[in-house]
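Engineer:
There are 4 protein chains.
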Amino acid sequence: MIRVGVIGYGYWGPNLARNFSECPDTVLTAVADPREGRLADARRRFPGVRTMTSADDIFGSPDIDAVAIVTPVATHAALALAALEAGKHVLVEKPLASSVADGERMVAEAARRGLTLMVDHTFVYTPAVRLIRKLVDEGELGDLYYYDSVRINLGMFQHDVNVLWDLAVHDLSIMDYVLGGRPNAVSATGMSHVPGKPVDVAYLTMFFEGTLLAHVHASWLAPVKVRRTLIGGSRRMIVFDDLESSEKVKVYDKGISVDPSPENVYQGLVGYRSGDMWAPQLPVADALQTEIAHFAECINQKGTPVTDGEAGLRVVRLLEAATASLDAHGLAVPVPGGLR
Amino acid sequence: MIRVGVIGYGYWGPNLARNFSECPDTVLTAVADPREGRLADARRRFPGVRTMTSADDIFGSPDIDAVAIVTPVATHAALALAALEAGKHVLVEKPLASSVADGERMVAEAARRGLTLMVDHTFVYTPAVRLIRKLVDEGELGDLYYYDSVRINLGMFQHDVNVLWDLAVHDLSIMDYVLGGRPNAVSATGMSHVPGKPVDVAYLTMFFEGTLLAHVHASWLAPVKVRRTLIGGSRRMIVFDDLESSEKVKVYDKGISVDPSPENVYQGLVGYRSGDMWAPQLPVADALQTEIAHFAECINQKGTPVTDGEAGLRVVRLLEAATASLDAHGLAVPVPGGLR
Amino acid sequence: MIRVGVIGYGYWGPNLARNFSECPDTVLTAVADPREGRLADARRRFPGVRTMTSADDIFGSPDIDAVAIVTPVATHAALALAALEAGKHVLVEKPLASSVADGERMVAEAARRGLTLMVDHTFVYTPAVRLIRKLVDEGELGDLYYYDSVRINLGMFQHDVNVLWDLAVHDLSIMDYVLGGRPNAVSATGMSHVPGKPVDVAYLTMFFEGTLLAHVHASWLAPVKVRRTLIGGSRRMIVFDDLESSEKVKVYDKGISVDPSPENVYQGLVGYRSGDMWAPQLPVADALQTEIAHFAECINQKGTPVTDGEAGLRVVRLLEAATASLDAHGLAVPVPGGLR
Amino acid sequence: MIRVGVIGYGYWGPNLARNFSECPDTVLTAVADPREGRLADARRRFPGVRTMTSADDIFGSPDIDAVAIVTPVATHAALALAALEAGKHVLVEKPLASSVADGERMVAEAARRGLTLMVDHTFVYTPAVRLIRKLVDEGELGDLYYYDSVRINLGMFQHDVNVLWDLAVHDLSIMDYVLGGRPNAVSATGMSHVPGKPVDVAYLTMFFEGTLLAHVHASWLAPVKVRRTLIGGSRRMIVFDDLESSEKVKVYDKGISVDPSPENVYQGLVGYRSGDMWAPQLPVADALQTEIAHFAECINQKGTPVTDGEAGLRVVRLLEAATASLDAHGLAVPVPGGLR
């Protein structure tokens, strides 16, 4: 039984706490948050849990095996490093860190100590994304043409990171899991509409080797909530709409057919294929539950998480490059490591 | 009665021909197209119309007052200049020309001769876009934050221009009419997925003075057809979905409220306002019919078309800059004239 | 070449006229309508067509082989009988007649003279309905449980028939084509909200042998237009939404599974199956064009139309029974002949 | 502080228990259910709650002031009567009882003892339904023409009541609250598709004085979930879609206009008005929380609940009449009391 301490009990922390309390392989032992009111909430919800205003008390507790860090991004690295130094396994809310340098330190420290470092890329554990990866891996889409995502809504403004770190991070984590290749450069544009606050509307293009192109539109300023991803391939195309209650993933037997004979390429003949649409039944599974069980299993069996520190770091590399491109009004910025 | 010759009888030409034949102030006199089969179609549809395989025959006909040029973009300038030199008023399908230099020649020639030069920015004549302009002009949206448009479908590949010239041109013409400001730089990214063919998926960001940001996603490679534009302002936000049969324009009483007192800006307090949604009834009016009537009226009364040559030229300037940015992987390219 | 006269040039007549003029096996010879203005429209649209204010002139024209009757329902029988007596083949707009007695006379007269009598049940010729019949015929749905249709909009009020004769008739014609069985009784309820006018909102239940149940909601008083049909079977279920531009027909691999062992039926165990959804690509075909070609073929080859007079009569029997039930506030009224 | 015992801890009981535990005026004191496993769940969820396998233990507990009965419909009356006789206030899950006779006994007993008897018509406490009532009361819709509701999904079969008692009951409770009039007769049709089980697909028409007509389509056998209600009036029409995450209530400025002059009524001129659509912002409020607070307030202040026993009884009268009509294949069955 893995004994877990949750650090940070704001918006997302209670969800992790609940899942740790329900997972048969973990027990929720402690919750840390500087706000006494939040701790009172935690005690009401989880009678018997220990609460503390300082994360240090968690690091100093020998009866805690693992911690979940659910705090503002800027604090991830310091907390995770302290936890690793105290010999705890670590699950970090996305994004892993607020800089590549920080992320590299975290990954190195976990490796040195042989501890599990995992990032909470929740979407990777959803039935929809797992199905999409399966379709891509099995070649159902053919050659990949593009990944295009719109992830917009009204709110919630973050204070310390721009909207790409808050919303596009989901797409980067999905792409890291689903697409085979890795982007080698990014171009981002955006704008802040509130003086002194981070960019709230942003567009991010990612270039891959070959003709695969990816793009994410992220916004805190949209009148409607949209969570729609298109993935186009030479054989089939996918529409993934996460707000659909059923039929989240639709597979279209559509595409273009290019006559490869030289005279026709010259003449520019492009044909269109239009066929059936198919919405596969998705298994009913809670992503967070799957993720927590995977975290526990990796700790118990010294396995490598699907969303390990390296995966988190690949995403941070993209976000850091994207932010640099944002500042340069769309100038393409190379990405050292790319995705997997 | 204005006697009109239509040059080019492919996909769009028949629509213009029909509207010229139905407009009480114009008469469809001649149709020119090099393809004899197309001319046979025209004669069947419009008994009595004169048909000819060369546009020159139209330019040489003294009983023709005006021409509509509905041919591939690359041919617009030469045909329009020849028509103007022959003393004809000219309506050109969008985009006005395939280069700024060409467009400038066309505008100058029309001015020199005192002839009407109009570009077929059809959307400007739709009830939906006219309502949106009215809402913007009357300050209903407050300060403009962004214009965001998705205009995607499967097909139809053009041979001579990239997808921005084919699809994003609609948004540029709408923005030219609706927004007060003008973009001073653009950043575009995209990809061609068919060897030897133009870019088929593209993303275009436009920077304005202040914090207004515009973006268009254009694609010939999407499994679903989308025509959705979001316009966000400080007071209200609009969703314009051209594929909705009713309720094309929805006005959301939503936005953010920023406490302007210095301590709160410092603390980063951003509030959200969420209110009613309102879908105004749109008048039933055919855009093309409105446009043709306006063309006739401008000729008769020596007026300036809403979508005159200058409007067409402003759009071409953006497209030319966007294409340069595409080639430079998103590098921001300044736009000399911007929109109106 | 079959020479056709169209009687009635109001809302629907021009569509039939156009299709007769475009069909390679028919020629539009004459149009009759008492309104001179409508005839002027017809001449403008179809140069060379003969026009006349009296249908009698059509019946008396030896160069006319067939007529299409596109007039108010109450006039169908007299016009069709006159046409048959004049030796013309007849296509009648739906519903075939305003009473079973009239319909029977029409069917008998056509049979006596060996002439083609066809009713314009347009939906039967759509790719969507043809696909649905194929799925039903091949047993893809299993045992049929229900047919449920909502066919509502704002307007258009008819003066001489209630809303079932105007809107539900479409569903009755689809059911006649798609379902194997025949209803043996109907129960209808409804209301007129305008003094002196026919019932404008109505609900019609149809009972079949076994457990198949059908229902139609028809209304001229709805704020939104809906055209949605659910067809449920023991193996699969269909949603047919005629307003969808693509994916009109969706097939759901859903249903219930009943454990047939006696103890479980006793315990009442009903399970649910939930599987994939599949939206087959429909061929692009114009229903009216298909129908007109079929009419011509039946005349030329002395074939029996899919929607022959008998089919029209079966639908009228249901409508007549439904109207009797309406008057009796839902009392079940037996139907002599049922559907096919 | 009102001390509450919850009887029945199946699907809905936990929701009521949670709300009693969170409401500041009530405390969750005990839970009774014959299934020991359910009681273990209750103890885990609500540490400190007393659990018991027999409802009698609740009735015999002097420290319990009120009970919530969340058990199969057939047991409502006996449990409620026992609770009232023990001096407890009672909240009963909908429908109030399985027969009018039972419901009348419950209402009489509560009245005799001066205890609060309330039925859990949850929809009445939702912001959407409250807004609709306000619009109706203020005459915004004009004269009411119809109430039409579709409430269908796959599952869940009940063993002891047909689908009207399970699903249509929601609409009857909404109608009882929203509409001014009362139905004086009902006509229902339906079918059971599983041998030995209750009717699973049913259609219910309700006749009111004047021209108001109501209809509900209820089904456990639909491939898609639909919760859509249309309410039409002479001035405006409403679409209430409970599955919409935002814009649940849309108000259409649409209708018909009838020229009242005698000659025009004679001519049958009906015009259509089409205007704006408006989706009012709904307050964010949890219906069950509102309901529980109202229950507590009625007990404390000896008030009459909005959904008192009489309201529950009016709904049961309709359900009983509907079931009789179902058995008679749609024969109209008079309703003694109607709605309020």
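Protein chains in written order, with the numbering used here: chain X, 3 to 342; chain V, 3 to 342; chain W, 3 to 342; chain P, 3 to 342.
Virtual Cβ for every residue (Gly too), placed ideally from N, Cα, C.
#1: So the alpha helix (DSSP H) W:Tyr11 belongs to, where does it begin and stop?
#2: Do P:Asn155 and P:Val201 come within 7 Å of each other at the CB atom, strictly closer than that value?
#3: Any contact between the segment 213–230 of chain P and the segment 142–157 of chain P? By contact I mean 3 or more CB pairs, one from each, below 8 Å.
#4: If you measure between the beta carbons of W:Ala220 and W:Leu174, is that distance less than 7 Å?
#5: Buried or exposed for X:Ser56, please, with buried defined as at least 16 other CB atoms from any protein chain shown within 10 angstroms of its CB.
#6: Can you tell me where the beta strand (DSSP E) holding W:Asn186 begins and where it ends?
#7: Grouping DSSP H, G and I as helix and E and B as strand, with all else coil, what is W:Ile71?
#8: With DSSP collapsed to three states, give me the class of X:Asp150.
#9: Can you tell me which residues form a DSSP beta bridge with P:Ile4?
#10: For chain V, check one thing: does any of its Cβ atoms lie closer than 7 Å to the Cβ of X:Lys250?
#11: So, does the CB of W:Thr77 fall closer than 7 Å to a CB anywhere in chain P?
#12: Can you confirm whether V:Pro49, when its beta carbon is compared against all beta carbons of chain W, has any partner nearer than 7 Å?
#13: List, in order along the chain, the chain X residues whose C-beta lies closer than 7 Å to that of W:Pro282?
#14: Select from P:Val335, P:Thr118, P:Ala68 and P:Leu320 the residue whose C-alpha is nearest the C-alpha of P:Ala351.
#15: List the endpoints of the continuous alpha helix (DSSP H) containing X:Asp329.
#16: Keeping to the same chain, check which residues put their C-beta closer than 6 Å to that of P:Met239; ignore five residues upstream and five downstream.
#17: Extract the residue ranges of the alpha helix (DSSP H) inside the segment 52–116 of chain P, only unbroken runs of 4 or more that lie entirely within it.
#18: Would a check of beta-carbon distances place X:Val260 closer than 7 Å to chain V?
#19: With H, G and I counted as helix, E and B as strand and the rest as coil, what does DSSP make of X:Val267?
#20: Name the one or two DSSP bridge partners that X:Ser23 has.
#21: Name, in chain order, the residues that DSSP records as bridge partners for W:Lys252.
#22: Where does X:Met120 fall in DSSP's three states?
#23: By the 10 Å Cβ neighbour count, where 16 or more other Cβ atoms means buried, how is P:Thr118 classified, buried or exposed?
#24: Just to confirm, are P:Val318 and P:Gly105 a CB contact at a threshold of 7 Å?
#25: When you compare the CB positions of W:Ala289 and W:Thr124, do they come within less than 7 Å of one another, or not?
#26: Would you be able to state if there are at least three C-beta pairs under 8 Å between the segment 36–54 of chain P and the segment 71–78 of chain P?
#27: Would you please verify whether the beta carbon of P:Ser56 is less than 7 Å from any beta carbon of chain W?
#28: Below 9 Å on C-beta distance, what does P:Met239 contact in chain W?
#29: Could you please tell me which residues of the segment 177–201 of chain W, in chain order, have their CB closer than 9 Å to any CB of chain P?
#30: Would X:Leu206 and X:Ala324 be called neighbours here (beta carbons separated by less than 7 Å)?
#31: Pick out whichever of X:Leu315, X:Arg135, X:Ala298 and X:Glu322 has its Cα sitting closest to the Cα of X:Met3.
#32: Determine the chain W residues that contact P:Tyr147 at a beta-carbon separation under 9 Å, and present them in chain order.
#33: Assuming P:Asp150 and P:Leu232 form a contact by the criterion Cβ under 8 Å, report the distance between their Cβ atoms to the nearest whole angstrom.
#34: On the CB-based measure, 16 or more other CB atoms within 10 Å of its CB, does W:Met158 come out buried or exposed?
#35: Hey, quick one: how far does the beta strand (DSSP E) through X:Gly273 stretch, first residue to last?
#36: Helix, strand or coil: which one does DSSP assign to W:Leu284?
Structural biologist: Result, derived from the coordinates:
#1: In the third sequence, the residue the question calls residue 11 of chain W occupies position 9. Careful: W:Tyr11 lies outside any alpha helix (DSSP H) and carries neither H nor E.
#2: The residue labelled residue 201 of chain P in the question sits at position 199 within the fourth sequence. The residue labelled residue 155 of chain P in the question sits at position 153 within the fourth sequence. No, they are not a contact pair.
#3: yes
#4: Here residue 220 of chain W refers to the residue found at position 218 of the third sequence. Here residue 174 of chain W refers to the residue found at position 172 of the third sequence. No, Cβ-Cβ distance for W:Ala220 and W:Leu174 is not below 7 Å.
#5: Position 54 of the first sequence, counting from 1, holds the residue named residue 56 of chain X. Result: exposed.
#6: To locate residue 186 of chain W, count along the third sequence from 1; it is residue 184. From DSSP, the beta strand (DSSP E) with W:Asn186 extends over Pro185 to Met193.
#7: One-based indexing of the third sequence puts residue 71 of chain W at position 69. Reduced to three states, the DSSP call for W:Ile71 is strand.
#8: Along the first sequence, read from residue 1 onward, the residue named residue 150 of chain X stands at position 148. Note: X:Asp150 maps to strand in three-state DSSP.
#9: Stepping through the fourth sequence from its first residue, residue 4 of chain P is reached at position 2. Partner(s): P:Thr28.
#10: Here residue 250 of chain X corresponds to residue number 248 of the first sequence, with the count starting at 1. Taking Cβ atoms only, chain V never reaches closer than 7 Å to X:Lys250, which makes this a no.
#11: Counting from one through the third sequence, the residue named residue 77 of chain W turns up at place 75. Chain P, which has no Cβ nearer than 7 Å to the Cβ of W:Thr77, makes this no.
#12: Locating residue 49 of chain V in the second sequence gives position 47, where the first residue counts as 1. With 7 Å as the cut-off, V:Pro49 counts as an interface residue toward chain W.
#13: Mapped onto the third sequence, residue 282 of chain W falls at position 280. Asp278, listed in chain order.
#14: Outside the shown range of chain P (3 to 342) lies residue 351 of chain P, about which nothing can therefore be said.
#15: Position 327 of the first sequence, counting from 1, holds the residue named residue 329 of chain X. Gly311 to Asp329 is the span of the alpha helix (DSSP H), which, as asked, contains X:Asp329.
#16: Position 237 of the fourth sequence, counted from the start, is the residue given in the question as residue 239 of chain P. Tyr254 and Lys256.
#17: 57–61, 78–87 and 102–115
#18: What you label residue 260 of chain X is simply residue 258 of the first sequence in a count that begins at 1. Taking Cβ atoms only, chain V reaches closer than 7 Å to X:Val260, which makes this a yes.
#19: As a position in the first sequence, residue 267 of chain X is number 265, starting the count at 1. In this prediction, X:Val267 scores a pLDDT of 48, lower than 50, which makes its location untrustworthy; the coordinate-derived value is nonetheless stated afterwards. Residue state, collapsed to three classes: helix.
#20: Position 21 of the first sequence holds residue 23 of chain X. DSSP lists no partner for X:Ser23.
#21: Residue numbering aside, residue 252 of chain W sits at position 250 when the third sequence is read from its first letter. Answer is W:Val241.
#22: In the first sequence, residue 120 of chain X corresponds to position 118, counting from 1. Correct three-state label for X:Met120: strand.
#23: Taking the fourth sequence and counting its residues from 1, one reaches residue 118 of chain P at position 116. The residue is buried, with at least 16 neighbouring Cβ atoms inside 10 Å.
#24: Within the fourth sequence, numbered from 1, the residue matching residue 318 of chain P stands at position 316. Within the fourth sequence, numbered from 1, the residue matching residue 105 of chain P stands at position 103. Against a cut-off of 7 Å, the Cβ pair of P:Gly105 and P:Val318 comes out as a contact.
#25: Looking up residue 289 of chain W in the third sequence gives position 287. Looking up residue 124 of chain W in the third sequence gives position 122. Contact flag set, yes.
#26: no
#27: The count along the fourth sequence starts at 1 and reaches residue 56 of chain P at position 54. Judged by the 7 Å Cβ criterion, P:Ser56 is not in contact with chain W.
#28: What you label residue 239 of chain P is simply residue 237 of the fourth sequence in a count that begins at 1. Within 9 Å Cβ-Cβ: Leu156, Leu223, Ala224, Pro225 and Val226.
#29: Ala187, Val188, Ser189, Ala190, Thr191, Gly192, Met193, Ser194, His195, Val196, Pro197, Gly198 and Lys199
#30: The sequence position of residue 206 of chain X within the first sequence is 204, counting from 1. The sequence position of residue 324 of chain X within the first sequence is 322, counting from 1. Taking 7 Å as the Cβ cut-off, X:Leu206 and X:Ala324 qualify as a contacting pair.
#31: Here residue 3 of chain X refers to the residue found at position 1 of the first sequence. The shortest C-alpha separation from X:Met3 is found at X:Ala298.
#32: Within the fourth sequence, residue 147 of chain P is the residue found at index 145, counting from 1. Ordered by position in chain W, the residues that pass the 9 Å Cβ test against P:Tyr147 are Met193, His195, Asp202, Val203 and Leu223.
#33: Walking along the fourth sequence from the start, residue 150 of chain P turns up at place 148. Walking along the fourth sequence from the start, residue 232 of chain P turns up at place 230. That belief holds up - the Cβ atoms of P:Asp150 and P:Leu232 are roughly 5 Å apart, short of 8 Å.
#34: Against the third sequence, residue 158 of chain W aligns to sequence position 156. So W:Met158 counts as exposed.
#35: Counting from 1 along the first sequence, the entry for residue 273 of chain X is found at position 271. It spans Val272 to Ala281 - the beta strand (DSSP E) in which X:Gly273 sits, taken as one unbroken run.
#36: Along the third sequence, read from residue 1 onward, the residue named residue 284 of chain W stands at position 282. In this structure, W:Leu284 counts as coil in the three-state DSSP scheme.
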